[in-house]
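So the sequence lines, in the order shown, correspond to chains A and B.
Okay, so the first sequence: first residue is 31 according to our numbering, each after it adds one.
Okay, so the second sequence: first residue is 188 according to our numbering, each after it adds one.
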Amino acid sequence: MANEAQSSSMTLKLVLAWGFVGIPLAWGVTQTIINAMKLFR
Amino acid sequence: MFTAGLCWGGGFLVSALGTYAHNLWLIYLGYGVLGGCGLGIGYISPVSTLIKWFPDRPGMATGMAIMGFGGGAFIASPLSVWLMSKFSTPTHVGVAETFIAMGIIYFCFMMVGAVIVRVPAPGWKPAGYTPPVVAQKLITKNDVFVYDALKTPQFWLIWWVLCLNVTAGIGVIGQASAMSQEMFPGHVTAVAAAGFVGLMSLFNMAGRFIWASTSDIIGRKNTYFCFFAIGTVLYALVPWTGSIGSVALFVLCFLVIISMYGGGFATVPAYLKDMFGTRYVGAIHGWLLTAWSAAGIFGPVLVNYIREYQIDHGVPKAQAYNSTMYIMAGLLVVGFICNFMIKAVHARFHMKPDHEAERAQAAVAAAGEPAGA
Chain A
31 MANEAQSSSM TLKLVLAWGF VGIPLAWGVT QTIINAMKLF R
Chain B
188 MFTAGLCWGG GFLVSALGTY AHNLWLIYLG YGVLGGCGLG IGYISPVSTL IKWFPDRPGM
248 ATGMAIMGFG GGAFIASPLS VWLMSKFSTP THVGVAETFI AMGIIYFCFM MVGAVIVRVP
308 APGWKPAGYT PPVVAQKLIT KNDVFVYDAL KTPQFWLIWW VLCLNVTAGI GVIGQASAMS
368 QEMFPGHVTA VAAAGFVGLM SLFNMAGRFI WASTSDIIGR KNTYFCFFAI GTVLYALVPW
428 TGSIGSVALF VLCFLVIISM YGGGFATVPA YLKDMFGTRY VGAIHGWLLT AWSAAGIFGP
488 VLVNYIREYQ IDHGVPKAQA YNSTMYIMAG LLVVGFICNF MIKAVHARFH MKPDHEAERA
548 QAAVAAAGEP AGA
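Here is the structure:
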């Protein structure tokens, strides 16, 4: 039981940490790709 | 990291003050001096920490951190444009408010890092990881003190390796937009050139992670051999792509070149760790980054001056970059030779065991001995 709680807490931390970094980065990369597509038009 | 956050965020606030006061020197002080200190400290500290957390994959770890550094541009650039559009009024463009908002945002994000990041205990290893028993020639198990590292030929050879790799890349980054338009007049518009620059940024960022991770498998020295060999060929091919009018090949050449530019940054901390050990790798990396500063002067100066010289001597704009590309290829050959000359650090530079460590070991040994022995 304690192991399960520890495991889900760890997963939550991982999701938060990756989200903290990944969401702003994904937004920035998307904006860049949208601009970069103009090269192929 | 706390200091880095203070300097970096504070630098933006001082710049905002400079913008309000219309004082250029305050902007130099804030964004240049304070911000520069924050940038340098903030760049090195996560890299040296990650190397210690991932002794099994130092290249991947540093690649991830330095990819984040490159990736910051993807967030900062559209964010600053968006903020300026929100803060602009008919009387001003909203730069000062953008500086304030970004300074606060950066400070908050960096504080999260400062609060949660920890340095592992000495000798920490990931579960299931066993360090290789057979010693590898170019991966030391010893540490070299930071000022002793500066006395080794290896440090200066790596300095030149980084400097030459960055010189070749940084020169074309600044000129990529103009170069693509001038080499392919009528084919590449200003809008398309901006797209090309964006695509280069993506490859710059991806190269940091991919090449640095690859270096864990093929070794740092071989990774740099790849950068210099492939880079030389690609730089030499660029004038040819212009002569046959192939935009696709031109773009492809530069995307690979720029991925190796980023890869060079990301692989070098792990190279230093292999040569000088993990203990002072952060400080040694800090000293090594002077190569980046030097390259920041050499690269653009080389590209701009040679282009101007060529145009002044009647060379058509479309061919004005040819000589520069061949010179860049030549620089990479020199880099290849410097990398070739790198050997393991001589044992006389290795640190002797600390007195404290000796005392601790003696105490452990004494405690383990039978009483009265």
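Just so you know, even glycine gets a beta-carbon here, dropped at the ideal spot from N, CA and C.
Predicted model, so just to flag it, every value in this text is computed and none were measured.
Using a CB distance below 9 Å, the part of the region 388-416 of chain B facing chain A consists of S388, L389, M392, ordered along the chain. Residues of the region 232-264 of chain B that bring their beta carbon within less than 9 Å of a beta carbon in chain A comprise G255, G258, G259, A260, F261, I262, A263, S264, in sequence order. Taking 8 Å as the CB threshold, L386 (chain B) lines the interface with chain A. Interface criterion met: the Cβ of V299 (chain B) is under 8 Å from a Cβ in chain A. L44 (chain A) counts as exposed, since fewer than 16 other beta carbons sit within 10 angstroms of its beta carbon. Take V306 (chain B), set aside five residues on each side of it, and the residues of its chain with a beta-carbon closer than 8 Å to its own are T236, K239, in chain order. Here A381 (chain B) is not near T249 (chain B), since their CB atoms are 8 Å or more apart. In the DSSP assignment, P426 (chain B) falls within the unbroken alpha helix (DSSP H) covering 407-430. Shown here, V331 (chain B) sits in a strand according to DSSP, grouped into three states.
Taking A336 (chain B) as the centre and dropping the five residues before and after it, the same chain places the C-beta of F342, F463, I471 closer than 6 Å to its C-beta, in chain order. By the Cβ test, the region 513-531 of chain B is not in contact with the region 376-394 of chain B, since fewer than three Cβ pairs between them sit closer than 8 Å.
Apart from sequence neighbours up to five positions away, the residues of its chain that approach S367 (chain B) with a beta-carbon distance below 6 Å are V375, A380, F383, ordered along the chain.
Residue environment: L42 (chain A) is assigned as exposed (fewer than 16 neighbouring CB atoms within 10 Å of its CB, all protein chains considered).
Under the three-state reduction of DSSP, H500 (chain B) is assigned to coil, being neither helix nor strand. Counting along the chain, the unbroken alpha helix (DSSP H) around H472 (chain B) starts and ends at 468-475. Proximity to V443 (chain B) across B:L204, B:G385, B:F414 peaks at B:F414, based on C-alpha coordinates.
A distance below 8 Å separates the beta carbons of D330 (chain B) and Y467 (chain B).
For G473 (chain B), the closest C-alpha among the options B:L436, B:W346, B:L386, B:K338 is that of B:W346. A contact is defined here as three or more CB-CB pairs under 8 Å, and the region 261-271 of chain B meets this definition with respect to the region 55-68 of chain A. Among the residues of chain A, none has a CB under 9 Å from the CB of V443 (chain B); the nearest is roughly 16 Å distant. Taking 8 Å as the cut-off, the beta carbon of G450 (chain B) is found closer than this to the beta carbon of A399 (chain B). Under DSSP, H537 (chain B) forms a beta bridge with B:V331.
Annotated three-state conformation of Q323 (chain B) is coil, per DSSP.
Proximity of T41 (chain A) to chain B, defined by a Cβ-Cβ separation below 8 Å, is not satisfied. Across the structure, M515 (chain B) and P309 (chain B) are spaced so that their CA atoms are roughly 42 Å apart. Sequence-distant Cβ neighbours of Q497 (chain B) in its own chain, meaning closer than 7 Å and more than five residues away, are A507, S510. Ranked by how close their Cα comes to the Cα of A363 (chain B), the residues B:Y218, B:T419, B:C525, B:G486 have B:G486 in first place. Flagged as an interface residue toward chain B: L55 (chain A), by a C-beta distance shorter than 8 Å.
Flagged as an interface residue toward chain A: A381 (chain B), by a C-beta distance shorter than 8 Å.
When C-alpha distances from M370 (chain B) are compared across B:F189, B:L193, B:R494, the shortest belongs to B:R494. Look at V378 (chain B): its C-beta is under 8 Å from a C-beta on chain A. By the neighbour-count criterion, in which a residue is buried when 16 or more other Cβ atoms sit within 10 angstroms of its Cβ, C350 (chain B) is buried.
Cβ atoms of G219 (chain B) and F199 (chain B) stay farther apart than 8 Å, at about 12 Å. Within chain B, not a single residue places a beta-carbon under 9 Å from that of V45 (chain A); the smallest gap is close to 15 Å. Annotated as proximal: G196 (chain B) and F294 (chain B), with beta-carbon spacing under 8 Å.
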